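Novice: In full-length UniProt numbering, the protein residues as written are 1 to 188.
From the three backbone atoms N, C-alpha and C, an ideal C-beta is built for every residue, glycine too.
All values derive from a computational prediction rather than experimental measurement.
Could you have a look at this structure, given as structure tokens, before my questions?
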């Protein structure tokens, strides 16, 4: 399966925007299910004459590390809490929020997704090692890949609300479904 040119362009554009933060978002998708965080903007001295401060979303690039950390801590649950049965594959890990082990696994997921984005034309061959690992050694039910992808979509929509149009959402769903298909056990 190959992505349509429009889907490919949308996925590549978003991945360029994500840059090196993919690990942050995959970790958040693993551990937290967040409400959209609104950040109050201070009225400028020129002001609009409005007495109440405006509420708006800021782009992730405008957030400093302290704000990013605070938002992550205030976020509620994602995959591990929203889908508690997913914890069965991680009994050996400390699953508390901010755990170094969860961050490390989030980075592994991010690396796999970056690899997939860089090899969109041949996902089954590119992800064959991960398919074998998750199918034969770890015995992960493919349903959990879908749950994680859902949580990742929610995380990305939360951090990039201006970019997350219906077309972008559809393109990401198709891309993530291709990744899930490449990780599914082969029938051969």
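1) Quick check: what's the CA-CA separation for residue 164 versus residue 6?
2) Given a threshold of 16 other Cβ atoms within 10 Å of its Cβ, counted over all protein chains shown, does residue 25 qualify as buried or as exposed?
3) Which of helix, strand or coil does DSSP assign to residue 116?
4) Which full runs of the alpha helix (DSSP H) of 4+ residues lie inside the region 96 to 174, going along the chain?
5) Does the beta-carbon of residue 105 have 16 or more other beta-carbons within 10 angstroms, so that it is buried, or is it exposed?
6) Give the straight-line distance between the Cα atoms of residue 124 and residue 147, rounded to the nearest whole angstrom.
7) Could you tell me how far apart the beta carbons of residue 126 and residue 110 are, in whole angstroms, since I believe they sit closer than 8 Å?
8) Within its chain, find whatever has a CB closer than 7 Å to the CB of residue 134; leave out the 5 residues flanking it on each side and keep chain order.
9) Using CA coordinates, which residue listed in 10, 15 and 154 is at the minimum distance from residue 114?
10) Take residue 101 as the anchor and find which of 167, 171, 27 and 143 has the nearest alpha-carbon.
11) Going by DSSP, what residue range makes up the alpha helix (DSSP H) through residue 30?
12) Per DSSP, what kind of secondary structure is residue 186 in: helix, strand or coil?
13) Report the rounded CA-to-CA distance for residue 152 versus residue 138, giving the unit in angstroms.
14) Who are the near neighbours of residue 175 in its chain, counting only those whose CB is closer than 7 Å to its CB and skipping five residues on each side?
15) Could you please give the first and the last residue of the uninterrupted alpha helix (DSSP H) stretch that includes residue 11?
Specialist: Walking through what the data contain:
1) 15 Å
2) buried
3) helix
4) 100 to 118, 123 to 126, 128 to 132 and 143 to 159
5) buried
6) 20 Å
7) About 15 Å separates the two Cβ atoms, so there is no contact after all.
8) 140 and 183
9) 15
10) 27
11) 22 to 31
12) coil
13) 21 Å
14) 3, 7 and 11
15) 5 to 18
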